[in-house]
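Have a look at the structure below, then the notes.
4 protein chains.
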Amino acid sequence: MTIAYLGPSGTFTQAALLQIDPHGTDHLPVSSVPAALAALREGRAKSAVVPIENSVEGGVSATLDAVAAGPEVRILAEMLVPIRFNLVAREPKPLGEVRAVSTHSHAWAQVRQWTEENIPQAEYIPASSTAAGALALSGSGTVGHDAAICAPTISAAHPELAVLAENIGDNPQAVTRFVHLGSADAPLPERTGADRTTLVIPLWADRAGALMEILEQFSTRGVNLSRIESRPTGNYLGDYFFSVDIDGHIQDERVAEALVGLRRICPTTRFLGSYARADRKAAVVAGHHTDGAFTQAREWVSALRTQ
Amino acid sequence: MTIAYLGPSGTFTQAALLQIDPHGTDHLPVSSVPAALAALREGRAKSAVVPIENSVEGGVSATLDAVAAGPEVRILAEMLVPIRFNLVAREPKPLGEVRAVSTHSHAWAQVRQWTEENIPQAEYIPASSTAAGALALSGSGTVGHDAAICAPTISAAHPELAVLAENIGDNPQAVTRFVHLGSADAPLPERTGADRTTLVIPLWADRAGALMEILEQFSTRGVNLSRIESRPTGNYLGDYFFSVDIDGHIQDERVAEALVGLRRICPTTRFLGSYARADRKAAVVAGHHTDGAFTQAREWVSALRTQ
Amino acid sequence: MTIAYLGPSGTFTQAALLQIDPHGTDHLPVSSVPAALAALREGRAKSAVVPIENSVEGGVSATLDAVAAGPEVRILAEMLVPIRFNLVAREPKPLGEVRAVSTHSHAWAQVRQWTEENIPQAEYIPASSTAAGALALSGSGTVGHDAAICAPTISAAHPELAVLAENIGDNPQAVTRFVHLGSADAPLPERTGADRTTLVIPLWADRAGALMEILEQFSTRGVNLSRIESRPTGNYLGDYFFSVDIDGHIQDERVAEALVGLRRICPTTRFLGSYARADRKAAVVAGHHTDGAFTQAREWVSALRTQ
Amino acid sequence: MTIAYLGPSGTFTQAALLQIDPHGTDHLPVSSVPAALAALREGRAKSAVVPIENSVEGGVSATLDAVAAGPEVRILAEMLVPIRFNLVAREPKPLGEVRAVSTHSHAWAQVRQWTEENIPQAEYIPASSTAAGALALSGSGTVGHDAAICAPTISAAHPELAVLAENIGDNPQAVTRFVHLGSADAPLPERTGADRTTLVIPLWADRAGALMEILEQFSTRGVNLSRIESRPTGNYLGDYFFSVDIDGHIQDERVAEALVGLRRICPTTRFLGSYARADRKAAVVAGHHTDGAFTQAREWVSALRTQ
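Protein chains in written order, with the working numbering: chain A, 42 to 348; chain B, 42 to 348; chain C, 42 to 348; chain D, 42 to 348.
What follows is the structure, encoded as structure tokens:
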């Protein structure tokens with residue numbers, strides 16, 4: 042029951058994974074989101090954990106693209122991880138002496154204000170993950186940087202690293218949403234009443250009208266969008282698909298009917314899953330959009346048709 | 042198998058009735074639309090024929106109101122009758138000598154231009170039907186008018202009447218649509234591919250938005266409106282319901298689904314029937330609104346839900 | 042300064058006229074709505090008063106059609122008149138002895154319930170106005186009816202008539218809205234803050250989409266519809282125009298901009314006037330639809346364009 | 042007249058800059074998009090050139106975010122640059138001997154397929170630009186990588202570098218769009234008939250309805266969207282703004298009016314400029330959305346208001 046995740050050990054992704062499988066031992070760190078998807082699709086992992094959205098940086102393009110194309114996968118669960126950053130080095134030293142600092146570019150973007158104010162002299166050295174730069178320092182080899190920005194879990198696990206500054210993120214409320222992905226034949230998660238459904242919708246024409254027709258499928262059934270992001274298909278400038286989160290579960294009648302409408306007008310719409318919201322916030326549904334309202338209306342039409 | 046109709050014999054309504062029951066003998070002329078509906082609802086007639094829409098005068102309010110309230114009825118068929126008018130009198134005479142002319146107010150409205158040009162001196166005497174004024178002349182009693190405007194069928198059936206002028210309608214293409222009404226438990230007419238569905242929709246709030254929500258239920262499923270008329274509920278100024286004709290049959294998936302949506306937002310929506318169009322004009326339906334598109338989309342959602 | 046009105050003296054229309062010109066003496070009764078419009082358009086009257094909408098019977102087709110075609114006219118004011126009916130005869134007698142009752146067909150429609158319960162034996166004799174049937178009884182000539190249904194003002198003005206029953210309308214709240222019409226070059230009534238604007242809008246195609254495009258012009262500017270009625274153009278079945286009342290004055294920016302949008306998509310849209318509401322009810326306008334919001338937004342765009 | 046650009050010399054951004062200023066000498070390479078914006082806003086540069094959208098990778102988040110917040114700037118022009126990649130090393134060698142390859146993460150994403158097929162053994166070393174990794178190899182110092190992926194301009198300018206493979210991008214049609222930014226008081230570029238307008242629109246509520254209201258402002262005026270991207274505001278998950286390109290120039294009446302509507306409902310809408318499209322593709326405009334249609338409709342309303 043291997044679970045692949047965006048490693049190495051100590052990343053925020055691992056923290057997300059430990060939320061759903063705290064005592065598991067078969068966790069497979071991989072070096073990129075596509076690698077995690079490949080492990081899942083090729084059967085080397087039963088499931089995978091990857092980041093999908095950050096409150097500061099937005100959607101994680103690598104994930105949005107990887108789940109939109111290729112063999113279908115399903116989101117089984119979502120997890121929220123607060124994002125905190127520490128500045129670490131091989132030994133304690135004044136901030137003014139930091140010459141070169143290494144971290145992942147997404148992390149760097151989230152501490153820019155702090156670094157400009159506190160270590161403006163430091164050069165930035167890109168790393169392939171937030172853990173990589175710090176782990177390089179924990180070894181004894183020669184590296185091009187003398188400080189790194191990483192998750193608190195890394196510095197906690199590596200007491201040999203000196204923490205020069207804690208909690209240096211520009212936005213103290215920053216949070217990243219992760220998803221637990223399974224194969225396309227995984228059982229559908231049960232409806233909890235506080236669910237989310239994720240879709241991939243191709244925009245079949247570059248016009249305002251096409252997007253409005255899509256949105257109408259949701260609005261006429263009282264289905265709320267909690268996230269909508271455009272991503273290029275890669276074909277040409279202006280050719281997009283949308284990655285969309287809606288409130289509710291496919292077992293909710295209003296969601297099921299919106300999907301029927303959507304599928305009619307966009308036959309290549311992709312369903313990525315219905316799953317419990319991490320924040321347990323239930324959708325507010327008007328009376329005429331409840332399951333009961335759908336059932337009664339259908340029974341009325343059904344009776345008329347069989348007369 | 043009595044069929045009530047807006048009489049007396051010789052009206053355009055009788056002509057419509059003869060289209061669907063040319064050799065029937067059990068035809069019951071009644072004096073008003075409400076009387077025809079009463080005969081049907083009280084079981085004295087098995088069905089009824091009444092006018093619903095005239096190309097010049099618009100919807101027939103008496104019919105629209107009578108079918109919108111009270112026990113439910115169903116439209117089983119529609120019939121079109123071209124509207125032609127003759128001017129008749131007891132004996133031949135010059136048009137300049139006509140003093141007073143009698144006919145139904147709707148007929149009078151449709152010959153105003155001709156009468157102003159040809160018999161401007163004549164006083165108008167309202168009658169309760171287009172036949173009544175002429176039939177009064179065919180008898181020997183004293184009447185207040187010396188000419189009448191009626192259907193050609195009346196003058197043909199009463200050779201004792203002199204025809205002073207033929208085909209005097211202002212609009213030679215004028216046509217009236219009649220409906221054959223049955224009880225609410227009558228079998229649903231079969232789908233022919235060129236059908237019409239008639240609805241009564243209450244407007245639950247006096248705002249543009251409410252009407253748009255109603256129309257959206259049709260437009261998102263590619264259902265065309267061929268007639269929409271507002272009628273007061275009688276409660277207060279500005280309180281309306283809509284009488285609506287849409288293209289298609291309740292057995293068409295796009296129509297059935299639009300009705301489900303409509304019933305959810307307007308639980309008192311009334312279904313008046315699906316029936317063959319008299320003009321046999323088939324609806325033009327885009328690929329993603331066909332029955333096949335609905336079926337495929339539903340199967341997709343259904344498979345996802347039962348996984 | 043002649044004012045034409047739908048007469049004769051004693052009609053509800055005269056009551057409406059007396060609201061705006063209580064002491065005027067140059068009041069010209071005419072026999073029909075088209076006659077009132079003709080008097081105005083041909084200069085025989087400076088203005089005209091006609092009914093436009095009844096809370097029980099709906100829009101007055103003769104008026105809606107007369108102002109929609111022909112030379113343009115303007116609505117200068119609206120007046121509300123409560124509708125009450127009395128049953129009168131030449132001398133007092135029991136209701137059971139009434140044989141034939143005369144009134145205008147619209148009035149007859151509004152007392153049907155009372156008449157069916159109280160004088161079911163009486164034959165209905167159409168009259169050209171609510172006053173005509175009663176006035177015929179007040180004379181000494183032979184008439185075909187022995188009772189009439191008229192406005193209380195008629196029975197008050199003719200004490201020789203016996204009132205057999207008072208206030209016999211089926212709906213005690215019934216009210217009719219009248220309009221005071223002037224020529225197309227009449228000065229625009231001032232904005233009061235509680236105004237109404239009346240429009241004639243051709244429906245250029247028989248589809249739900251066309252009507253939605255029209256409504257959208259109002260809804261995107263927060264303009265509410267208080268009345269919408271379809272009327273046939275007379276050309277063929279299903280060819281309609283809409284008669285529409287919206288809340289607000291053309292001097293309100295949101296109304297002016299909606300009219301610009303409407304005129305672009307329906308170049309034959311006709312403006313019938315902006316005038317004070319008889320009920321003095323002010324429109325509720327959201328912050329982003331106020332004149333101030335329009336002005337600020339325009340100034341922003343204007344500054345950007347002239348940079 | 043300094044122009045800042047995302048350097049160093051040899052980047053695709055420089056190629057874009059040379060399109061608009063081929064003989065200029067005052068070009069200031071900076072290390073990041075925020076640095077380019079800072080140079081412009083602080084007056085150290087008169088204008089700046091940065092990438093905004095890539096046909097494979099989508100919107101350039103750093104640019105979208107940098108122009109959305111802070112002092113206003115204006116887009117003066119756009120430039121398209123085809124994206125080609127070369128693999129270079131210090132000396133010629135078989136692909137199988139490449140151990141570690143360095144480039145910017147966006148470039149890496151665009152050659153993944155080629156690298157997996159041709160140099161699967163190579164480790165990826167992130168660099169801060171596509172030029173940086175190659176330039177490090179052109180020097181004599183010790184570096185952690187033995188190959189780099191860069192623009193053809195870099196390898197052309199540095200004959201000391203050996204080109205191991207040419208044109209290795211996964212999508213041979215890949216193109217990046219760059220923008221030439223000026224200060225907020227720069228003169229508005231003239232209308233050419235083939236223009237684009239870029240906007241930043243906050244989404245004021247997390248619901249489908251809000252986005253539909255925004256889109257409606259465009260669709261009711263026939264304004265087409267050629268790009269729409271959501272970006273997080275950074276405040277919390279699900280709080281977005283939209284970066285939008287529309288067809289047309291603010292001097293087009295339909296665009297100006299859409300902006301007025303948008304500004305009313307989103308008072309913090311930001312105008313980023315109207316400028317000529319690099320592909321010179323003119324917008325297709327229906328008759329009722331042309332400047333002439335707006336002018337005629339406004340004159341009609343204006344005449345009615347001043348009567």
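All C-beta atoms, glycine included, are put in the ideal place defined by N, C-alpha and C.
Chain B residues whose Cβ lies nearer than 7 Å to that of His329 (chain A): Within chain B, the residues near His329 (chain A) are Arg305, Ile306.
Name the chain D residues that come within less than 8 Å of Gln162 (chain A), Cβ to Cβ? Residues of chain D whose Cβ lies closer than 8 Å to the Cβ of Gln162 (chain A) do not exist; the shortest such Cβ separation is about 14 Å.
Delimiting residues of the alpha helix (DSSP H) encompassing Val216 (chain C): Premise fails: Val216 (chain C) lies in the beta strand (DSSP E), 216–224, not in any alpha helix (DSSP H).
Delimiting residues of the beta strand (DSSP E) encompassing Arg140 (chain C): Counting along the chain, Arg140 (chain C) falls outside any beta strand (DSSP E), and DSSP gives it neither H nor E.
Less than 8 Å between CB atoms is the rule here; does Arg311 (chain C) satisfy it with respect to chain D? It does not; no Cβ of chain D falls within 8 Å.
State the Cα-Cα distance for the pair Ala130 (chain D) and Ala175 (chain A), rounded to the nearest angstrom. Cα to Cα, the separation comes out at about 28 Å.
Thinking C-alpha only, which one of C:Ala103, C:Glu231, C:Gly111 is nearest Arg82 (chain C)? Arg82 (chain C) has its Cα closest to that of C:Gly111, out of C:Ala103, C:Glu231, C:Gly111.
Which value, in whole angstroms, describes the spacing of the CA atoms of Glu94 (chain D) and Gln55 (chain D)? Going by the C-alpha atoms only, they are around 15 Å apart.
Nonlocal neighbours in the same chain, by C-beta distance under 8 Å from Pro63 (chain C), ignoring five residues either side: The same chain holds no residue with a CB closer than 8 Å to that of Pro63 (chain C) once the five nearest residues on each side in sequence are set aside.
Contact defined as beta carbons within less than 8 Å: I believe Ile287 (chain C) pairs with Val264 (chain C). What is the distance between those atoms, to the nearest angstrom? That belief holds up - the Cβ atoms of Ile287 (chain C) and Val264 (chain C) are roughly 5 Å apart, short of 8 Å.
Contacts of Leu349 (chain C) in chain D (Cβ-Cβ under 7 Å): For chain C, the structure presents residues 42 to 348; residue 349 (chain C) sits outside this window and is missing.
Suppose you measure from the CA of Phe219 (chain C) to the CA of Leu256 (chain B); what does that come to, to the nearest Å? Cα-Cα distance, rounded: 30 Å.
Would you kindly report the start and end of the unbroken beta strand (DSSP E) that includes Gly314 (chain A)? Segment 311–317, the beta strand (DSSP E) holding Gly314 (chain A).
Using the Cβ count rule (16 or more neighbours within 10 Å means buried), how would you classify Arg140 (chain D)? Result: exposed.
Can you tell me the Cβ-Cβ gap for Ser88 (chain C) and His221 (chain C), rounded? I've got them flagged as a contact below 8 Å. With a Cβ gap of about 6 Å, Ser88 (chain C) and His221 (chain C) count as contacting.
Return yes when the C-beta of Glu98 (chain B) is under 7 Å from any heavy atom of the ligand COA, and no when it is not. Questions concerning the ligand COA fall outside what the structure shown contains, since it holds no ligand whatsoever.
Starting from the C-beta of Ala132 (chain B), find all residues in its chain whose C-beta is less than 7 Å away, skip the five residues before and the five after it, and write them out in chain order. With the sequence shown as reference, residue 132 (chain B) is identified as Glu, and Ala is not the correct amino acid for it. The residues are Ala203.
Below 6 Å CB to CB, which residues in the same chain sit around Gln154 (chain C) once its five sequence neighbours on both sides are set aside? Around Gln154 (chain C): Asp211.
Measuring alpha carbon to alpha carbon, tell me which of A:Arg304, A:Pro243, A:Gly51 ends up nearest Gly333 (chain B). Closest by alpha carbon: A:Arg304.
Please report the Cβ distance between Ala103 (chain D) and Pro75 (chain D), rounded to the nearest whole angstrom; I am assuming they are in contact, meaning their Cβ atoms lie under 8 Å. Indeed, because the Cβ distance is near 7 Å, the residues count as touching under 8 Å.
Quick one: is Glu270 (chain A) near chain D, going by C-beta distance under 8 Å? Under the Cβ distance rule, Glu270 (chain A) counts among the residues neighbouring chain D, one pair being separated by less than 8 Å.
Chain-order list of residues whose beta-carbon lies under 7 Å from that of Ser179 (chain C) (same chain, five-residue window excluded): Within the same chain, Ser179 (chain C) has close Cβ partners His199, Glu201, Leu202.
Can you list, in chain order, the stretches of the alpha helix (DSSP H) that have 4 or more residues and sit fully within the region 138–219 of chain D? Complete alpha helix (DSSP H) runs here, min 4: 146–151, 153–159, 171–179, 193–198.
Using a Cβ-Cβ distance cut-off of 8 Å, determine whether Met253 (chain A) contacts chain D. True, the Cβ-Cβ gap to chain D drops below 8 Å.
Buried or exposed, going by whether 16 or more other CB atoms sit within 10 Å of the CB of Pro135 (chain B)? That one is exposed.
Answer yes or no: does any C-beta atom of chain A fall closer than 8 Å to that of Gln154 (chain D)? False, the Cβ-Cβ gap to chain A never drops below 8 Å.
Exposure label - Ser284 (chain B); buried when at least 16 CB within 10 Å: With 16 or more other Cβ atoms within 10 Å, it is buried.
Spatially closest choice to Met120 (chain C) from C:Gly302, C:Ala188, C:Ala317, C:Val152, by CA coordinates: Considering only alpha carbons, the answer is C:Ala317.
Please check if any C-beta of chain C sits within less than 8 Å of the C-beta of Ala324 (chain D). At a cut-off of 8 Å between beta-carbon atoms, Ala324 (chain D) makes no contact with chain C.
Is there at least one Cβ from chain E nearer than 8 Å to Asn212 (chain D)'s Cβ? Annotation note: the requested chain E is absent from the structure, which comprises protein chains A, B, C and D.
Residues in its own chain within less than 8 Å of Ile209 (chain D) by CB, not counting five upstream and five downstream? Residues Phe126, Asn127, Leu128, Val152, Trp155, Thr156, Asn159, Ile190 of the same chain have their beta carbon placed closer than 8 Å to that of Ile209 (chain D), with the five preceding and five following residues left out of the count.
Please name the residue or residues paired with Ala118 (chain A) in a DSSP beta bridge. Beta-bridge partners of Ala118 (chain A) (DSSP): A:His221.
Just confirm the distance between the C-beta atoms of Arg311 (chain B) and Arg262 (chain B), as a whole number of angstroms; I'd bet it's less than 8 Å. Contact doesn't hold; Cβ gap of about 19 Å is too wide.
Classify Ser72 (chain B) as helix, strand or coil using the three-state DSSP reduction. Three-state DSSP puts Ser72 (chain B) in coil, outside helix and strand.
Return yes when the Cβ of Ala118 (chain D) is within less than 8 Å of the Cβ of Ala86 (chain D), no when it is not. At a Cβ-Cβ threshold of 8 Å, Ala86 (chain D) and Ala118 (chain D) do not count as neighbours.
Assign Gln214 (chain D) to buried or exposed, taking buried as 16 or more other Cβ atoms, counted over all protein chains shown, within 10 Å of its Cβ. Here Gln214 (chain D) is exposed: its Cβ has fewer than 16 other Cβ atoms, across all protein chains shown, within 10 Å.
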